[in-house]
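> In the working numbering, the protein residues as written are 139 to 749.
Every residue, glycine too, gets a C-beta built ideally from N, C-alpha and C.
Values in this document were obtained by computation on a predicted structure and should not be read as measured data.
Take a look at the structure:
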């Protein structure tokens with residue numbers, strides 16, 4: 139018996155189902171084959187009407203990672219009769235889960251529990267056992283152990299369960315600001331291709347006070363610091379004024395340093411800070427001012443006028459969320475260096491803009507050697523990001539793209555709410571409008587200016603008009619924005635090496651990052667949410683992506699990398715599971731290659747089979 143699967147180039151291949159059965163159980167009964175994904179795209183049900191349990195969310199997320207990074211590339215998976223069968227070849231485990239919908243990219247939608255084919259039957263595999271199987275497989279594959287992994291999966295599960303307990307909004311807020319904040323605070327489940335998307339360190343009781351999914355909003359902690367102990371940079375004369383405006387009661391000779399209250403509690407017993415407080419070099423003015431709402435990144439807060447990106451000595455997903463010294467200087471340096479580039483892009487593509495980060499301020503208390511203590515310098519660093527009013531198109535409502543594209547309708551920003559009642563033709567029209575706003579400026583930044591934007595779902599705001607139609611996109615977070623050295627040699631040479639180095643990617647790595655963030659993380663996920671509404675339209679949705687790319691290529695000489703993309707070369711996907719397992723820095727993350735739905739032959743066959 140055989141089943142049709144897909145090769146890494148997108149072609150259909152026959153895989154013997156008996157090859158997927160563990161050697162210890164060669165006669166496990168398997169169900170009949172189903173057509174390939176290119177022959178039967180978008181089969182099964184449409185979008186879910188209810189939210190899953192935390193148990194299912196964590197199990198499905200682990201399966202997503204195993205399918206994309208481990209079993210899929212090693213051809214150890216098959217789709218058969220409405221189910222995915224996935225083998226962990228080194229552990230000798232065959233897993234099975236029902237499919238809500240198949241995907242041309244292989245990013246399927248799962249439903250219900252995970253089972254294991256064993257001893258002639260099946261048994262339920264809960265998220266803990268699946269995490270343990272994942273540990274075993276990765277240990278055997280890589281030769282290394284990760285003693286943190288199971289604890290991090292458990293932490294992520296606890297956070298998802300807590301988020302689900304808070305409920306979710308049923309009605310769209312009346313004003314754009316409230317709608318925007320609601321979208322930022324709606325990500326109950328996190329990145330569905332990260333093994334521990336909601337893992338975090340720190341006291342759970344503290345988390346409840348500051349977590350976006352709990353609707354956290356709170357005043358800042360205000361410190362007054364003697365002026366000679368303040369370190370700051372600014373790309374604009376007035377950029378630091380937003381910090382000074384947070385509190386009026388600052389004595390002469392001092393400058394205001396706002397702090398995230400959680401971070402202040404973490405660092406208040408640092409010996410240098412305690413001594414500075416005792417001698418009056420730093421004054422604790424307490425909490426005050428207008429409340430700031432936590433956004434999806436947790437450490438970036440918004441008061442309706444300004445974003446402030448704080449350091450948090452808390453591990454979220456992969457790493458401590460601190461503003462390193464090179465990131466503080468790098469944000470201002472990029473804002474200054476990219477001013478003409480970003481203005482030019484906004485002129486060419488008036489439906490897009492980038493939020494600048496024009497200033498930072500921090501505490502520079504001398505350590506034993508006389509230089510500023512690094513823990514305090516980075517720990518109290520705050521980056522000023524432009525507020526929405528500087529770039530937002532009039533009459534539009536900004537929504538976090540990750541909330542619009544979520545697998546489940548966790549907020550009123552979800553695409554199922556924006557397109558409520560719309561037929562497939564209207565959804566395709568909406569999709570084309572969005573692609574025309576999103577794709578061209580990112581491609582132009584790379585090809586024309588050597589700038590690598592990072593437009594993943596959490597870094598983009600989709601701004602809609604009163605009818606819910608895309609009207610503008612805003613890109614944010616310069617931490618992930620990089621420069622190609624060959625096009626920015628003069629700018630980079632003028633910066634300290636420790637700042638310039640992390641600010642660059644070579645052309646190949648930069649292109650992988652652009653394609654992954656733009657097409658795999660962002661476009662494919664929002665496309666999947668649209669395909670949940672209209673499963674039969676998935677090939678047409680990918681065809682619109684191809685059309686938009688081809689139109690841009692036709693106007694701009696079709697650079698070789700873009701020509702290859704249009705030809706259907708495999709797409710790079712960040713290997714979040716393997717990166718987390720091997721405890722690599724995000725910058726050192728590797729990529730796996732996914733079969734591309736962009737090839738014309740793949741789309742033609744998918745369209746033919748969907749009729």
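1) Report yes or no: do the segment 731-742 and the segment 470-477 share at least 3 C-beta pairs separated by less than 8 Å?
2) Would you kindly report the start and end of the unbroken alpha helix (DSSP H) that includes residue 457?
3) To the nearest angstrom, report how far apart residue 567 and residue 462 are at their CA atoms.
4) Give me the residue from 658, 293, 400 with the minimum Cα distance to residue 543.
5) Roughly how many angstroms separate the alpha carbons of residue 198 and residue 205, rounded to a whole number?
6) Go to residue 360, then tell me how far its beta strand (DSSP E) extends in each direction, as first and last residue.
7) To the nearest angstrom, how far is it from the Cα of residue 515 to the Cα of residue 616?
8) Quick one, which of 689, 730, 653 has its alpha-carbon nearest residue 703's?
9) For residue 512, which option in 405, 234, 596 has the closest C-alpha, if you only look at C-alpha atoms?
10) Please return the same chain residues whose Cβ sits closer than 8 Å to the Cβ of residue 731, not counting the five positions on each side in sequence.
11) Is it the case that the Cβ atoms of residue 541 and residue 549 are separated by a distance below 7 Å?
12) How many angstroms separate the CA atom of residue 236 from the CA atom of residue 215?
13) Taking the beta carbon of residue 413 as the centre, do at least 16 other beta carbons fall within 10 Å, making it buried, or is it exposed?
14) Below 7 Å CB to CB, which residues in the same chain sit around residue 672 once its five sequence neighbours on both sides are set aside?
15) Which runs of the alpha helix (DSSP H) fall wholly inside the segment 550-603 and span at least 4 residues, in chain order?
16) Given this structure, state the Cα-to-Cα distance separating residue 630 from residue 636, to the nearest angstrom.
17) Comparing alpha-carbon positions, which option in 581, 369, 601, 668 lies nearest residue 656?
18) Report yes if the C-beta distance between residue 557 and residue 321 is below 7 Å; otherwise report no.
19) Measure the C-alpha to C-alpha separation of residue 238 and residue 678 and round it to an integer number of angstroms.
20) Would you say residue 616 touches the ligand FMN, meaning its beta carbon is less than 6 Å from a heavy atom?
21) For the segment 585-598 against the segment 617-624, are there 3 or more C-beta pairs whose distance is under 8 Å?
22) Using only the alpha-carbon positions, how far apart do residue 393 and residue 361 sit?
23) Looking at C-alpha atoms only, which residue of 605, 539, 728, 403 is the closest neighbour of residue 646?
24) Return the Cβ separation of residue 583 and residue 483 in integer angstroms, given the expectation that the two are a contact with Cβ distance under 8 Å.
Reading it off the structure:
1) no
2) Premise fails: residue 457 lies in the beta strand (DSSP E), 457-459, not in any alpha helix (DSSP H).
3) 43 Å
4) 658
5) 10 Å
6) 355-364
7) 20 Å
8) 653
9) 405
10) 146, 211, 708, 709, 710, 711
11) yes
12) 13 Å
13) exposed
14) 562, 565
15) 553-556, 562-587
16) 11 Å
17) 581
18) no
19) 20 Å
20) With respect to small molecules bound, the structure shown includes none, and the ligand FMN cannot be examined in it.
21) yes
22) 8 Å
23) 728
24) 6 Å
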